[in-house]
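2 protein chains.
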Amino acid sequence: MTDTTMPNWLRQRAALTPDRVAYETENETVDFLTLYQQVSAVADRLGSLGIRSGDRVALLGENSLEFIRFFHALMAIGAVAVPLNTRLTAEEEAWQVADSGAGWLITDPACHEKALSVCEKKVCRLLTMQQVRKQPAGRSGLPAEADLNQPCTIIYTSGTTGHPKGVILTLGNHWWNATGSILNLGFRADDKWLCCVPLFHVSGISIVMKNVIYGMPVVLSRKFNPQAANRQIRENGVTMMSVVTNMLRRMLDALGEDGYPERFRCMLLGGGPAPLPLLNCCREKGVPVYQTYGLTETASQMATLAPEFMFDKLGSAGKPLFPGQIRIVSEGQDQGPNVPGEIAVKGLNVTSGYWRRPEATRKAIRDGWLYTGDIGYLDPDGFLYVLDRRKDLIISGGENVYPAEIESVLTGHPCVQEAGVIGIKDEQWGMVPYAFVKTKAGCRFSEAEMLQYCSSHLAKYKVPVHIRKIKELPRNASRKLLRRKLFDFIPDSQVTD
Amino acid sequence: MTDTTMPNWLRQRAALTPDRVAYETENETVDFLTLYQQVSAVADRLGSLGIRSGDRVALLGENSLEFIRFFHALMAIGAVAVPLNTRLTAEEEAWQVADSGAGWLITDPACHEKALSVCEKKVCRLLTMQQVRKQPAGRSGLPAEADLNQPCTIIYTSGTTGHPKGVILTLGNHWWNATGSILNLGFRADDKWLCCVPLFHVSGISIVMKNVIYGMPVVLSRKFNPQAANRQIRENGVTMMSVVTNMLRRMLDALGEDGYPERFRCMLLGGGPAPLPLLNCCREKGVPVYQTYGLTETASQMATLAPEFMFDKLGSAGKPLFPGQIRIVSEGQDQGPNVPGEIAVKGLNVTSGYWRRPEATRKAIRDGWLYTGDIGYLDPDGFLYVLDRRKDLIISGGENVYPAEIESVLTGHPCVQEAGVIGIKDEQWGMVPYAFVKTKAGCRFSEAEMLQYCSSHLAKYKVPVHIRKIKELPRNASRKLLRRKLFDFIPDSQVTD
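Here the protein sequences come in this chain order: R and C.
So in our numbering, the last spot in the first sequence is 497, and the numbers never skip.
So in our numbering, the last spot in the second sequence is 1497, and the numbers never skip.
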């Protein structure tokens, strides 16, 4: 390992299994050789535009094969892709473009208008994918090799306060994530992964990496649709899929009395702790759920619940992937079994830092360990339970209150579809929990009834001061609950801050 | 990847899947937690004997779980294992101990007597495994981490001329081999590997590595026995197995009219090119053969024939594993499709050199490529065909003659069990091929008949000058044909050199 070079992944994959299906979309099916040739054509043109190794290039687009071709083309020439979240405002995107120092923004037709406003505010060159394709070709063929230490992506993480930070992930970080995952989930000749998560998130990008490293067909969806996803699993041989809680719930609802075929072997559930009722429902339906814990900083999965413990450790995010390590730390001390603390992680999949943020990097990464800011504990068998993101922690009268726990109780109520809990200031206790619920169709209940229900399931200090009904909980592009946006739903009369 | 540390593999495996079966032997079944505890106990005692990180320690023993425990214990404390081939003479083994600078030789009861003579000739401390176990324990537990750049094994390769060379393989080399293999062969929850190859060879060691990295049960056989191997596959759920040609042939013979269950999915066939008739027989019987090409220097498999090409490319060793690259070079130039030349390989699984042999290392490794000395070609689709080891090349009248080709023809004859071909000097042509065959029971034929048979299948210059019958072909411990030993079977009257 004095060397860290590898063959270019797509080139190697095309040489090894040229005829294997790489992607299926609504409109087309491409094998790896075709994909390689298409990507080479894009890379040639990016090269003739003057894009070089190390350059940051922002990518703004919806899920599409074209997006993936551009992503691979940037990777091949050694440029660093900065995928932009399409749900952000133009102003927010412009900020990320500026922060990353991207000299180019490449966009698809769907995002073109917005891209215009992004580049209006910022000195970056706007290129549509079509414009790039019209460039004259440069030299042909992708470079034969790449260095694992080469930065591959900068993905911005949604910060709670202040601006987001750009997480640098190298080819090596992505490689170690993909191989760590295969050692846990296995890999079969008939595997086919359904990608309905956004390609601008690390969850989507990790599927793009698995595709080329494993040589595994991926069904790429433009958008998530529960009926369509169920159809892919039931009728198109999909064996694995990445979801977050909200997606899974909608798929199960749409499934009705039906089930999934036995060959469907992995529902990889990320994006935060899942409520127990949902997991119980999966258990009843025989859906093979693998709860995972991951961050942009860990190139997606860091821990995943192994097959043999799927039911025995319901609600856990499992154990670290083989190359990784997890500790629970509080005030500099490792915590014993069942004692919550901050989750710290280490592994060759973990970022070595934030783009141009030496201070934030130093704060987050100490002695080779990344301090995630998330709260969890390890049970006596070493299984990780993620309680919550630190920023959401509610400390009430000196007691720690974890929103997820309250939400889990609320969604256990037969009338509650979804729930979100935040902490609001309180003169007496410092903070108190405040809950929002989305009611199931055809259900009725009063706040008093619901509070009574909570009191019968939760310690007094955990019972919300209010439980308000709202139409939709605020969620981000990957359907993660945005608790901070719930503050907007508090009536003025109840705001004490 | 600024960092190259990983969790200690066995410790991590025991933490992740403590209850999963690690090994099955005739006498016992151990799970990973038990194996870890047993290995910790050995490592403690090796530590209290003064064995430290970087020390070379020779291991001389037959296939056993105890051998594996010692192997893991050495790896855990950072010592470098030097596994000795039990078929060598004491003198040959003593030479390797001296060359490696091993301060200790650890042996099992079966090899104790021989170990005494080895250490008699050499300043190394002899320890039996039992003696080590009687040492007082030191500190408990294995180190949490190891560096991928840490040398893990020194394995001597059988040289044709002069002394063997010690191939240094790091943890990283073994890691990249194991992950490269999983990307090609896949990994299923029900996989179980049968190990009948010697643990002192890289083929055996690679199974020990796969075991702990994949978390995959291994059935460990003390010795290869075709009936017992078939029983493991037919009755004990074995799904994968490493063999060389000779083992496979004996298994098929012993199988008779029976077949293997469908769950048996991989017969990994290494150790040199396989004769076409054997492969055809496998084809007829539906045995899923994966021909491979590998060296000690590549930490075992370098290329393997992927599932989808099993039948279309019969006789090929396939394509490189995902992290590796293969070139065909002749006189410094890359050769085109179908043109034979020297096989050069590159990849993170490939050794960075020979122990204390800077000159041999410089000669073999140039610009990051290892020149194997083996001859082969790539077909237009990029599939590797290994023709022969360079040392066995017969150049006759300016034409290249590859022994394997002639052997393949000979074994295609209904009366020939095995065949071996060498080149002998000839005044007229420079060299000519000379053949040895082992006859099938109950078969009779004259040399003239057999020569006639060859003439009808081979160009004139490839027909052997003589075809002699012998009882057994000389083979090494891993059943590879030792062509150079065939020279001893030539009658004096026919020796022209």
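By construction, the Cβ of each residue, glycine as well, lies at the ideal position given by its N, Cα and C atoms.
All figures in this text were calculated on a predicted structure; none of them were measured in a lab.
Span of the beta strand (DSSP E), counted from its first residue to its last, around residue i
{"i": "LEU1194(C)", "result": "1193-1195"}
{"i": "ARG1468(C)", "result": "1467-1469"}
{"i": "VAL1463(C)", "result": "Careful: VAL1463(C) lies outside any beta strand (DSSP E) and carries neither H nor E."}
{"i": "LEU1059(C)", "result": "1056-1060"}
Where residue i falls: helix, strand or coil (DSSP)
{"i": "TYR1453(C)", "result": "helix"}
{"i": "TRP1104(C)", "result": "strand"}
{"i": "ILE1365(C)", "result": "strand"}
{"i": "GLN1417(C)", "result": "strand"}
{"i": "LEU216(R)", "result": "Rather than Leu, the amino acid found at residue 216(R) in this sequence is Met. In the structure shown, MET216(R) sits in coil (DSSP, three-state: anything other than H, G, I, E or B)."}
{"i": "LEU410(R)", "result": "helix"}
{"i": "ILE1506(C)", "result": "Absent from the structure is residue 1506(C), since the part of chain C shown begins at 1001 and ends at 1497."}
{"i": "GLN1325(C)", "result": "strand"}
{"i": "ALA441(R)", "result": "coil"}
{"i": "GLY1318(C)", "result": "strand"}
{"i": "LEU88(R)", "result": "coil"}
{"i": "PHE1187(C)", "result": "strand"}
{"i": "SER1330(C)", "result": "strand"}
{"i": "GLU1024(C)", "result": "strand"}
{"i": "ALA81(R)", "result": "strand"}
{"i": "CYS1281(C)", "result": "helix"}
{"i": "THR351(R)", "result": "coil"}
{"i": "CYS124(R)", "result": "coil"}
{"i": "ARG1475(C)", "result": "strand"}
{"i": "ASP388(R)", "result": "strand"}
{"i": "PRO491(R)", "result": "coil"}
Interface partners of residue i on chain R, CB under 8 angstroms
{"i": "PHE1264(C)", "result": "Per Cβ cutoff of 8 angstroms: no residues; PHE1264(C) is ~15 angstroms from chain R at best."}
{"i": "LYS1319(C)", "result": "ALA15, LEU16"}
{"i": "GLN1333(C)", "result": "Within 8 angstroms Cβ-Cβ: nothing; GLN1333(C) doesn't reach chain R, min ~17 angstroms."}
Contacts of residue i in chain C (Cβ-Cβ under 7 angstroms)
{"i": "LEU384(R)", "result": "Per Cβ cutoff of 7 angstroms: no residues; LEU384(R) is ~12 angstroms from chain C at best."}
Interface residues of chain C facing residue i [CB-CB closer than 9 angstroms]
{"i": "TYR214(R)", "result": "LEU1183, GLY1186, PHE1322"}
Continuous alpha helix (DSSP H) stretch holding residue i: start and end
{"i": "TRP369(R)", "result": "Counting along the chain, TRP369(R) falls outside any alpha helix (DSSP H), though it belongs to the beta strand (DSSP E) covering 369-378."}
{"i": "ALA1043(C)", "result": "1032-1048"}
{"i": "GLY1382(C)", "result": "Per DSSP, GLY1382(C) belongs to no alpha helix (DSSP H) and is neither H nor E."}
{"i": "THR17(R)", "result": "Note, THR17(R): premise wrong, no alpha helix (DSSP H); not H, not E."}
{"i": "PRO198(R)", "result": "First-last for PRO198(R): undefined, no H or E at that position."}
{"i": "VAL132(R)", "result": "129-133"}
Proximal residues of chain C, C-beta to C-beta of residue i below 8 angstroms
{"i": "MET241(R)", "result": "None at all; the shortest Cβ gap to chain C is about 18 angstroms."}
{"i": "GLY271(R)", "result": "Result: empty, since nearest Cβ-Cβ is about 23 angstroms, beyond 8 angstroms."}
Bridge partners - residue i, DSSP secondary structure assignment
{"i": "GLU145(R)", "result": "PRO7(R)"}
{"i": "CYS1266(C)", "result": "MET1240(C)"}
{"i": "GLN301(R)", "result": "GLY294(R)"}
{"i": "GLY1430(C)", "result": "ASP1426(C)"}
{"i": "VAL289(R)", "result": "MET267(R)"}
{"i": "LYS165(R)", "result": "THR157(R)"}
{"i": "VAL208(R)", "result": "DSSP output for VAL208(R) lists no bridge partner at all."}
{"i": "TYR260(R)", "result": "Paired residues: none, contrary to the question."}
{"i": "PHE1436(C)", "result": "GLY1420(C), ARG1468(C)"}
Under 9 angstroms from the C-beta of residue i: neighbouring residues of chain R
{"i": "GLY1373(C)", "result": "Those within 9 angstroms of GLY1373(C) in chain R number zero; the least Cβ separation is about 21 angstroms."}
{"i": "PRO1007(C)", "result": "PRO320, PHE322, PRO323, GLY324, GLN325, LYS346, GLY347"}
Chain R contact residues for residue i, given Cβ-Cβ distances below 7 angstroms
{"i": "THR1179(C)", "result": "THR179"}
{"i": "ASP1379(C)", "result": "Going along chain R, no residue has its Cβ under 7 angstroms from ASP1379(C), so there is no contact; the nearest lies around 13 angstroms."}
{"i": "GLN1012(C)", "result": "PHE322"}
is_contact[residue i, chain D] using C-beta, thresh 8 angstroms
{"i": "ASP1003(C)", "result": "Judged by its chain identifiers, the structure shown contains no chain D, and its protein chains are R and C."}
Residue i CB to nearest heavy atom of the ligand MN below 7 angstroms
{"i": "LEU171(R)", "result": "With respect to the ligand MN, the structure shown offers nothing to examine, as it has no ligands at all."}
Subject >> Proximal residues, the segment 1181-1194 of chain C versus chain R, C-beta separation under 7 angstroms >> reply: Listed by position along the chain: ILE1182, LEU1183, GLY1186, PHE1187, ARG1188, ALA1189.
Original post:
Can you list, in chain order, the residues of the segment 351-369 of chain R whose Cβ is nearer than 8 angstroms to any Cβ on chain C?
Top reply: Residues of the segment 351-369 of chain R that bring their beta carbon within less than 8 angstroms of a beta carbon in chain C comprise SER352, GLY368, in sequence order.
Subject >> Chain-ordered residues of the segment 22-41 of chain R with a beta carbon less than 7 angstroms from chain C >> reply: Hits within the stretch: zero.
Subject >> Near-chain R residues of the segment 1247-1258 of chain C (beta-carbon distance less than 9 angstroms), N- to C-terminal order >> reply: Answer in chain order: no residues at all.
**OP:** Check each residue of the segment 427-457 of chain R: if its Cβ is closer than 7 angstroms to any Cβ of chain C, include it; give the result in chain order.
**Re:** Listed in chain order, the positions of the segment 427-457 of chain R with a beta carbon within less than 7 angstroms of a beta carbon of chain C would be empty, since no residue qualifies.
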